[in-house]
Amino acid sequence: MEEAVRLAAESVRRGGGPFGALVVREGIIVGRGWNRVTEARDPTAHAEIEAIRGACGNLGSHQLDGCELYASSEPCPMCLGAIYWARPDAVYFATGRDDAARAGFDDAFIYEEIGRLPDDRRIRMRRIVVCDAAEPFRLWNAKRDRVEY
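Each residue of the sequence shown is one higher than the last, beginning at 21 in this note's numbering.
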């Protein structure tokens, strides 16, 4: 956990956001990440996402079975989604979402938005009916050699 916090502090010193994360398997760090949002000009370049990408690349897998993720702060909703898709065994964090909110990183509104129906969200979200829109799902379900995730 100390290394995740160190990465977060180093990120701030380099001009990034105050977040760091590690993925560990059997006591060995297999992925590191820090907030690179402004550096990479990528709103998805959060510490947890970066650590997951690095770990998956190093392990040659799209999932993190047998791994643990250590984050300097409680993961935001986006990172939480990525964590669930990556399926590590556990997640540990040093500060909570309230601490992040006090520092200007308040994601409470995202949690609220997720619970709303698409038509009720702040960003316009509308379903567009398209002929054969479900075709990719039919193909996926028929594919015998698909890799599940």
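Every residue, glycine too, gets a C-beta built ideally from N, C-alpha and C.
Keep in mind the model is a prediction, meaning the values are calculated, not measured.
- With respect to the 7 Å criterion, Leu-100 and Ala-71 are not classified as neighbours on the basis of their beta carbons.
- Annotated three-state conformation of Ser-81 is coil, per DSSP.
- Rounded to the nearest whole angstrom, the C-alpha separation of Arg-166 and Gly-124 is 42 Å.
- For Ile-103, the enclosing alpha helix (DSSP H) stretches over residues 97 to 106.
- Pro-63 sits away from Glu-88, with the two beta carbons spaced by 7 Å or more.
- When only Cα atoms are considered, Asp-85 and Ala-106 end up about 8 Å apart.
- Our two residues, Gly-77 and Trp-54, have alpha carbons roughly 16 Å apart in a direct line.
- Around the Cβ of Val-149, a 10 Å sphere holds fewer than 16 other Cβ atoms; the residue is exposed.
- Secondary structure of Gly-51 (DSSP, three-state): strand.
- For Ala-91, the uninterrupted beta strand (DSSP E) run begins and ends at 87 to 93, by DSSP.
- Per DSSP, reduced to three states, the secondary structure at Phe-125 is coil, with no helix or strand assignment.
- Here Leu-42 carries a strand assignment [DSSP, helix/strand/coil].
- Across the structure, Glu-68 and Arg-144 are spaced so that their CA atoms are roughly 27 Å apart.
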